[in-house]
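Top to bottom, those sequences are chains A and B. The first sequence begins at 1 in my numbering and counts up by one. The second sequence begins at 349 in my numbering and counts up by one. First up is the structure itself, then whatever we jot down about it.
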Amino acid sequence: MSNKMINILVPVISIFLGLLVGAIVMLISDYNPITGYMALWNGIFGDSYAIGETIRQISPYLLAGLAVAFAFRTGLFNIGVEGQLIVGWFAAAYVGMAFDLPKIIHLPFALIAAAVAGALWGLVPGILKATLKVHEVIVTIMMNYIALHVVNALIKTLSGGGFKLERIHESASLRSEFLSNLTDYSTLHYGIFVALAMVVVMWFILEKTKTGYELKSVGYNDNAARYAGMSANKNIILAMVISGAFAGLGGAMEALGTFGNMSSMGGFTGIGFDGIAVALLGANTPLGVIFGATLFGSLKYGANNMPNEAGIPVEIVSIIIALVIFFVACGYIIRVGLIRLRNKKEAK
Amino acid sequence: MLDVLYFIIPITIASAAPLIFTAIGGVFSERSGVINIGLEGLMIMGAFIGILFNLFFADTFGAWTPWIALIVAMLVSALFATLHAIASISFRADQVVSGVAINMLGLAIALFSVKMIFGKGQTDFIQQKIPRFNVPFLEDIPIIGPMFFKLVYGSSILAIAVAFIAWFVIYKTPFGLRLRSVGEHPMAADTMGIKVTKIRYIAVLISGGLAGIGGAVYSQTITNDFGHATINGQGFMALAAMIFGKWHPLGAMGAALFFGFAQALAISSSSITFLADIPPVYFHIFPYVLTILALAGFLGKAKAPKALGKPYVKGNR
């Protein structure tokens, strides 16, 4: 068993353990786990409509995962993806409804607005970290709540006391008749291509540019990077801004694709927090994020089928996702176990 | 003006009590060097168990029900916090990631159970609430009496008592000295024969228990039922109070009271003439903005325990 093999096995074992404990929870609650997981499977792949909806659900997860992963590569922990996604959602929905432009300008404008909003929300913790050494974890958590309350207040003001913004204009929409027809009239939209393009962008920045090299160096060992003449502070701010931009685009997926507007929110979407799991499972690499987002997007959408088909509350999937994160966090002990197993085998 | 204070101060104390319990729980955990972002999840668990126990045992225990519910919520949340302790102390997990998992897990387990037991998204309303009462004699003091001692929740008095007890424990007992040394320099503490792992486990369990009480106090005084939005940020606000209070129990209590005041203003601003024009959103984001400012050092530098967030590995330097 090589080290690379172990790196792949740790997340796989975490997922397996999460599903296993999920099955035990179902058993204790007097449900049949096989029926439950069958319902989950059918909810994800059952028919072309389900597949379309699943892919649609994957796009915001991809971007949330990229956001967390990108910050991680620079040694930063962005728990603020949720808030950055919310302001991105709002910015895209606002631009979509407030302007009347040709599609070729309007759609990119709305997407950029979302990215910029997210980037600004990431800029604050970035600057505080770089200049005043304030730990980004607490600042980003606080920024999440500020985003939630500010956006709700803005929606109330803009809608004249209501709880919902007007629908975006067709010219800003990501909706696609072609994709929708292809998948039995699901709400699948072009957002998935935007998200996949961003995966390539992240890969390109990290692997092919000087900036990316510096970002990775700072994340790996900021003292060494500083000694080599790189500015850790500049890179911290840049990383948070780019990370926030990814997250903001995740919000644009919801605003311009799935919902076409924004409603006042009673709580968080959870996508930003799940993004942490997506990034962790994907080992913070662009390709890994595709894997993680596919898993979590599928689980989240497929879960909706569990109450109908098996009578099991959808929350079971939230339990499984939380457990997977927990087991990934405990990756050290899984790693130790695997290495012991390897050494035992080699001794024989 | 006096009428306004008579109105706001009781709401302030009532909204602050759950934050005080939880923030002090956070102080114990972080003083020992373990970041506890999972306070929100632990509070959710406490709020849920409090309501659940209250609904099922109200007939058996009568007026004692909410108090016994607090104890049960404390025990269950402490047990739940054990997961965080095992992950972050024994398994050297990233404490932030583990805390995030605890938050998600707490909400998911509570909602799953609510659906299982009640067949709907929220529980029924409890009948036995934590009682309010007038403090004898003190309520007759002019001005102060009606502000602080009329219709107070017993749990609020308990919260303030817990803050002072926590201060005594952390600063005046051998256990407190060990707790602080483990959080500042675990290596040195280990050399002196202090069991780092054991102290950290105890600290995280205390934090779970107190957050559980905090959640149960919240659900049994303010919402009186449990649903997906019962605890919505109070755990993070408690975390903010802990930082704002500079990891000191009495500081955390002061900050919690201050945040309670902000919440009370938000609730009642529309009925106070000179505040009616200020949109409530400013009061809502107030504690969070203040925490960022506090962390940035604009309100006096707060210093976190030195070993915070670092797993202790014996023999490492």
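Quick reminder that beta carbons are idealized off the backbone N, C-alpha and C, glycines included.
The stretch 596-619 of chain B: positions lying closer than 9 angstroms to chain A by Cβ: None of the residues of the stretch 596-619 of chain B has a beta carbon lying less than 9 angstroms from any beta carbon of chain A.
Does any C-beta atom of chain A lie closer than 7 angstroms to the C-beta of B/Ile492? Chain A contact via Cβ: absent.
Would you mind telling me which residues of chain A sit closer than 9 angstroms to B/Tyr636, beta carbon to beta carbon, in chain order? Neighbours of B/Tyr636 in chain A, taken as residues at a C-beta separation under 9 angstroms, are given in chain order as Ile141, Met142, Met143, Asn144, Tyr145, Ile146 and His149.
Is the Cβ of B/Arg440 closer than 7 angstroms to any Cβ of chain A? With a threshold of 7 angstroms between beta carbons, B/Arg440 makes contact with chain A.
Please tell me whether B/Phe574 and B/Thr408 are closer than 7 angstroms, where the distance is taken between their beta carbons. Annotated as distal: B/Phe574 and B/Thr408, with beta-carbon spacing of 7 angstroms or more.
Counting Cβ pairs, one atom from each stretch, are 3 or more of them under 8 angstroms apart for the stretch 321-341 of chain A and the stretch 472-482 of chain B? Contact between the stretch 321-341 of chain A and the stretch 472-482 of chain B is absent, because fewer than three Cβ pairs lie under 8 angstroms.
Based on Cα-Cα distance, which residue from B/Ala435, B/Ala411 and B/Phe523 lies nearest to B/Ile480? Checking the sequence, you will find Arg at residue 480 of chain B rather than Ile. Closest by alpha carbon: B/Ala411.
Give the list of continuous alpha helix (DSSP H) stretches no shorter than 4 residues that lie fully inside the stretch 136-211 of chain A. If we require 4 residues or more, the alpha helix (DSSP H) runs fully inside the stretch 136-211 of chain A come out as 136-158, 177-182 and 191-208.
Counting only beta-carbon separations shorter than 7 angstroms, does A/Gly126 have a partner in chain B? So no, A/Gly126 is outside the interface.
Report yes if the C-beta distance between A/Tyr44 and A/Thr35 is below 7 angstroms; otherwise report no. The sequence shown places Ile at residue 44 of chain A, not Tyr. No, these two residues do not count as a Cβ contact at 7 angstroms.
Write down every uninterrupted run of the alpha helix (DSSP H) in the stretch 230-278 of chain A whose length is 4 residues or greater and which is fully enclosed by it, in chain order. As far as the stretch 230-278 of chain A is concerned, its whole alpha helix (DSSP H) runs of at least 4 residues are 232-252.
For B/Gly581, would you say it is in contact with chain A, using Cβ-to-Cβ distances shorter than 7 angstroms as the test? Chain A, which has a Cβ nearer than 7 angstroms to the Cβ of B/Gly581, makes this yes.
Taking B/Lys468 as the query, report the chain A residues whose CB atoms sit under 7 angstroms from its CB, ordered along the chain. Chain A residues near B/Lys468: none, gap ~10 angstroms exceeds 7 angstroms.
Inter-residue spacing [alpha-carbon to alpha-carbon] between A/Asn233 and A/Ala130: C-alpha separation (whole angstroms): 5 angstroms.
Are there 16 or more other CB atoms within 10 angstroms of the CB of B/Val552, so buried, or fewer, so exposed? Buried, because 16 or more other Cβ atoms sit within 10 Å of the Cβ of B/Val552.
Mind the definition here: the stretch 436-456 of chain B touches the stretch 380-391 of chain B only if three or more C-beta pairs lie below 8 angstroms; say whether that holds. They touch, by the three-pair rule.
Rounded separation between B/Thr360 and B/Lys594 - CA only: Cα to Cα, the separation comes out at about 21 angstroms.
Residue environment, A/Tyr220, which counts as buried when at least 16 other CB atoms sit within 10 Å: Exposed is the call here.
Taking C-beta pairs closer than 7 angstroms, name the residues in chain B that A/Ser29 reaches, listed in chain order. Here the neighbours are Met464.
Would you report the Cα separation of B/Asn454 and A/Ile276, rounded to the nearest angstrom? Here the sequence assigns Gly to residue 454 of chain B, which means Asn is not the residue at that position. B/Gly454 and A/Ile276: Cα-Cα distance of roughly 17 angstroms.
Indicate the three-state DSSP secondary structure (helix, strand or coil) for B/Tyr354 in the structure shown. B/Tyr354: helix per DSSP, three-state reduction.
Rounded straight-line distance, which links the Cα of A/Lys344 to that of A/Ala147: A/Ala147 and A/Lys344 have their C-alpha atoms some 52 angstroms from each other.
To the nearest angstrom, how far is it from the Cα of A/Arg342 to the Cα of A/Pro286? Roughly 29 angstroms between the two C-alpha positions.
C-beta contact flag for B/Leu365 and B/Ser461 at 7 angstroms: Looking at the sequence shown, residue 365 of chain B is not Leu but Ala. Taking 7 angstroms as the Cβ cut-off, B/Ala365 and B/Ser461 do not qualify as a contacting pair.
Looking at the structure shown, is B/Arg379 part of a helix, part of a strand, or coil, going by DSSP? The DSSP-derived three-state label of B/Arg379 is helix.
Would you say A/Tyr332 faces chain B, with C-beta separation under 7 angstroms as the test? Residue contact with chain B for A/Tyr332: present (Cβ-Cβ distance below 7 angstroms to some residue of chain B).
For the stretch 309-339 of chain A, list every residue whose C-beta sits within 8 angstroms of some C-beta in chain B, in sequence order. Of all residues in the stretch 309-339 of chain A, the ones placed with a Cβ closer than 8 angstroms to any Cβ belonging to chain B are Pro313, Glu315, Ile316, Ser318, Ile319, Ile321, Ala322, Leu323, Ile325, Phe326, Val328, Ala329, Cys330, Gly331, Tyr332 and Ile333, in chain order.
Compare the C-beta of A/Val81 with all C-beta atoms of chain B and state if any pair is closer than 7 angstroms. Not an interface residue.
Taking A/Val377 as part of the alpha helix (DSSP H), name the residues at either end of that continuous run. Given that chain A is displayed from residue 1 to residue 348, the structure contains no residue 377 of chain A and the question cannot be resolved.
Inter-residue CB distance, A/Gly65 and A/Ala293 (contact presumed, cutoff 8 angstroms): The C-beta distance from A/Gly65 to A/Ala293 rounds to 5 angstroms, short enough to fall under 8 angstroms.
Using Cβ-Cβ distances below 9 angstroms, what residues of the stretch 559-592 of chain B are close to chain A? So the close ones are His576, Ala577, Asn580, Gly581, Phe584, Met585, Leu587, Ala588 and Ile591.
What do you reckon, are the CB atoms on B/Ala421 and B/Gly394 nearer than 7 angstroms? Yes.
First and last residue of the uninterrupted alpha helix (DSSP H) at B/Phe460: From DSSP, the alpha helix (DSSP H) with B/Phe460 extends over Gln443 to Phe466.
In whole angstroms, give me the CA-to-CA distance for A/Val95 and B/Leu558. Rounded to the nearest whole angstrom, the C-alpha separation of A/Val95 and B/Leu558 is 46 angstroms.
Give the straight-line distance between the Cα atoms of B/Arg526 and B/Arg379, rounded to the nearest whole angstrom. In a straight line, the C-alpha of B/Arg526 is about 10 angstroms away from that of B/Arg379.
Note down, in chain order, all residues in the stretch 264-277 of chain A with a beta-carbon under 7 angstroms from any beta-carbon belonging to chain B. So the list reads Gly266, Gly267, Phe273 and Ile276, given in the order they occur along the chain.
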